[in-house]
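For reference, the structure discussed in these notes is given below.
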Amino acid sequence: MLKDFETNKNYPDLEVKSLPRPVSWRKALGVGLVTLGLSIGTGELILWPHLTSKFGLGILWGALVGITLQYFINQEVARLALATGESFFTSSSRVFRYFPFLWLGGALLLYIWPGWAGAIGTTLTALFGFGNYIVWAWVSLALVLVITFSGRTAYKMLERALMFVIPLFFALLIFVSFLNLNNGHIVQVFKGLFNFGWLPEGIDLSVFLAAAVFAGAGGILNLCISLWYRDKQLGMASYVGRITNPISGRAETVATTGAIFETSPDQLRRWRGWMRYIRIDQGLIFWFLGLVTLILLSANAFVVLSPLGLVPEGTEVAVVQAEIFGQQWGLLGSRAFLVMTFLMLFSAMWAIIDAFVRIVSDILYVNSRIGSLQKWFAVLRNFSIHQLYYGLIVGLVIINAALIPLHQPLFFLVVSSVLGGVVMALYVPLLLYINNRRLPKPLRPGLVTNAMLVLASLFYGVFSVLLLIQKFFHT
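See the structure below:
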């Protein structure tokens, strides 16, 4: 029993229900793919290719450390969601009732700015050779809305689309790498992956740590995994309900709180089956394919850019590589690289938009109906979570479209870079506490997982301190 959850009066007690039997592999896997789609357009596309083109492949060990830590974080976020059917945002608010304000503020500061849409606009302008990047960015945002509203269930539409986009992206990445890399480069990659502790002279430690922190999803995005598993109806989340399209879908009742199961031998046998799915979903799809993606993108950037002494920044890393591929392999090479870049950026943008809207919708829906913060959110009580999600995604796309022509204010740049690491330094120890103190003993993580979460807590804590010093106290 979750005794601590039950005595916390911020939210109602968890009901006791039977843990469903594990479903088939085909139905269980998928969130790892969405998490991968979220990851490949962030650190994998920009930070690591930039660093390796400047300092070489010997620093790839930082990427291995970063994405491995995120695998364990993702696994534990999923553990909590499957054990209780609740999102991390609800479970954490049982520990401290004012956490919803922190998660809402963090999500707004980190993800309100349409950086990925602008990058897509630049990529499509280079790909087609005509048009304005702003118009192409608007087209990409409109495409997100069209696809989202064309399905009956928000999560299922996202997962199905990425099941098409991600394999196509991988095919293009393998094609580009086949043209560009040789055995010597692969040997350098493996040496760099296990070159632990080596740092080249002149590297900015805060930039290197930021790349390691965001090798994967990073920031609050890892926590949205609990909401994706919940909408996929896995484990105890099968009792909660899904977000459905209020226009074309059949409305489902979505519970504000979850449920727990008795730790009988039969129930624990089922639990072990569910956890096997999580380890494969996050281990094979997110961790392994994410690491392969990061390695190949970094190696391609190193091979193409380093000999020419080029160290482009931001999405220019991809555009410059495409131009060089065009010189070496003709139109096919440059177009393949730009299409691959578009697929990466679009999958990341869509997943980030979905994650942001899903996080905000969940917090507003739950706290407008239960808990001690109802007075702050009472005005939203008459809106279903379905209306909140689909209304917010339209609103966010409109705001993004309006912000694209503007330059991102320095305030947002500074705060978002600091907050991404700080929020991870906060929620990883919190996750460690909840899963080890609030879950029944048979459901708690093992020694290795706990050790990795402690390491992650220290890693993100050190990163946050260094970044705060650099941003606010460095002269």
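So the sequence shown is residues 191 to 665, counted in this note's numbering.
Backbone N, C-alpha and C fix where the C-beta goes; we use that ideal spot for every residue, glycine too.
Val206 carries a strand assignment under DSSP once its states are collapsed to helix, strand and coil.
Under the three-state reduction of DSSP, Ala449 is assigned to strand.
Using a Cβ-Cβ distance cut-off of 8 angstroms, the stretch 573-587 and the stretch 454-465 are not in contact, since fewer than three pairs of beta carbons, one from each stretch, lie closer than that value. Fewer than three pairs of CB atoms, one per stretch, sit closer than 8 angstroms, so the stretch 203-219 makes no contact with the stretch 530-541.
DSSP, read as helix, strand or coil, puts Thr434 in strand. Annotation: the continuous alpha helix (DSSP H) that includes Pro357 extends over 344-370. Its Cα nearest to that of Ile433, the residue Val444 stands out among Ala568, Val444, Leu424.
Cβ contact annotation for Leu622 (same chain, cutoff 6 angstroms, sequence separation greater than five): Leu643, in chain order.
Scanning its chain for C-beta atoms nearer than 7 angstroms, with the 5 sequence neighbours on each side dropped, one finds around Ala351 the residues Ile337, in chain order. For Leu578, the enclosing alpha helix (DSSP H) begins and ends at 575-593. Of Phe476, Leu656, Thr446, the smallest CA-CA separation from Ser229 is found for Phe476. In the three-state DSSP reduction, Lys381 falls in the helix class (H, G or I). Between Gly382 and Leu535 a beta carbon distance of about 25 angstroms is seen, past the 8 angstroms cut, so the two are scored as non-contacting. For the pair Ile302 and Cys414, the CB atoms are not nearer than the 8 angstroms cut-off. Sorting Phe289, Ile485, Ser438, Thr447 by C-alpha distance to the C-alpha of His240 places Ile485 at the top. Classified as exposed, Gln517 has fewer than 16 neighbouring CB atoms from the shown chains inside 10 Å of its CB.
Listed in chain order, the non-local C-beta contacts of Pro304 below 6 angstroms within the same chain comprise Asn590, Leu593, Ile594, local neighbours out to five positions each way being set aside. Taking each of Gly392, Leu633, Ile324, Ala407 in turn and checking the Cα distance to Tyr261, the smallest one comes out for Ala407. Nearest Cα to Val569 within the set Gly392, Leu554, Leu521: Leu554. A straight line joining the alpha-carbon of Gln457 with that of Leu657 spans about 45 angstroms. In the structure shown, the three-state DSSP call for Leu300 is helix. Met530: member of the alpha helix (DSSP H) spanning 521-557, first to last residue. Residue nearest to Val377 within the set Leu395, Ala489, Leu314 is Ala489 (criterion: CA-CA distance). Ranked by Cα distance from Val255, the first of Leu521, Asn385, Gly341, Phe515 is Asn385. Straight through space, the alpha carbons of Arg287 and Asp552 are spaced by roughly 15 angstroms. The stretch 558-569 and the stretch 358-369 do not touch, with fewer than 3 CB-CB distances between them shorter than 8 angstroms. With distances taken between CA atoms, Ala405 lies nearest to Asn264 out of Asn264, Ser281, Leu620, Ile583.
Listed in chain order, the non-local C-beta contacts of Trp388 below 6 angstroms within the same chain comprise Gly248, local neighbours out to five positions each way being set aside. Here the alpha carbon of Val355 sits roughly 42 angstroms from the alpha carbon of Ser562.
Looking at the backbone, the Cα of Ser438 and that of Thr343 are separated by about 9 angstroms. The criterion of a C-beta distance shorter than 8 angstroms is satisfied by Leu348 and Asp544. Burial check for Glu452: the Cβ neighbour count within 10 Å stays below 16, so the residue is exposed. Counted as a single uninterrupted DSSP element, the stretch harbouring Glu442 is not any alpha helix (DSSP H), since DSSP gives it neither H nor E. Straight through space, the alpha carbons of Leu259 and Val612 are spaced by roughly 16 angstroms.
Secondary structure of Ala218 (DSSP, three-state): helix.
In the DSSP assignment, Glu266 falls within the alpha helix (DSSP H) that extends over 251-274.
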